[in-house]
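Enquirer: Residue numbering for the sequence shown follows the numbering used here, beginning at 2 and increasing consecutively.
Cβ coordinates follow ideal geometry from the N, Cα and C atoms, glycine included.
Nothing here was measured: the structure is a model prediction, and the numbers come from that model.
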Amino acid sequence: MGLINKAKAETAEQAARNAIDKGRHVFVFKFIEAMTNSMVTAPMTGLNDQIEAIESLGWRMEHLAVGEGKALSGERLAIVCLFRR
Numbered sequence: 002m003g004l005i006n007k008a009k010a011e012t013a014e015q016a017a018r019n020a021i022d023k024g025r026h027v028f029v030f031k032f033i034e035a036m037t038n039s040m041v042t043a044p045m046t047g048l049n050d051q052i053e054a055i056e057s058l059g060w061r062m063e064h065l066a067v068g069e070g071k072a073l074s075g076e077r078l079a080i081v082c083l084f085r086r
């Protein structure tokens, strides 16, 4: 896992841990990913790392939605996941 992916996974895990500490049973998290390979089928390893970090705390993804957008820095994907405990 690269430094950026590791930092993203740690951020996702901390947010999921905070939701547990608050007694939440539903956790919604938005992942923003660059669409550098938007024209090819390929693994999204950074996203894998983030989802695995959240699920390692006992959360299980129930729903996922994806939206595309353009920011000043390029095309991005917003992946919104609903997790339950």
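Rounding to the nearest angstrom, what Cα-Cα distance links L4 and G24 in this structure?
Expert: 30 Å
Enquirer: Taking just the CA atoms, how far does R61 sit from A13?
Expert: 14 Å
Enquirer: I need the DSSP call for K9, collapsed to helix, strand or coil.
Expert: helix
Enquirer: Report, in whole angstroms, the separation of the C-beta atoms of F32 and L58, which I expect to be a contact under 8 Å.
Expert: Contact flag wrong, Cβ pair sits at about 16 Å.
Enquirer: With C-beta atoms as the reference, is F28 less than 9 Å away from Q51?
Expert: no
Enquirer: On a Cα-Cα basis, can you pick out the residue from L83, R85, G68 that is closest to E76?
Expert: G68
Enquirer: Throw me the rounded Cβ distance for the A10 and A54 pair, which I believe falls under 8 Å.
Expert: 4 Å
Enquirer: Please list the terminal residues of the continuous beta strand (DSSP E) segment that includes A54.
Expert: Segment 46-56 is the alpha helix (DSSP H) holding A54; no beta strand (DSSP E) there.
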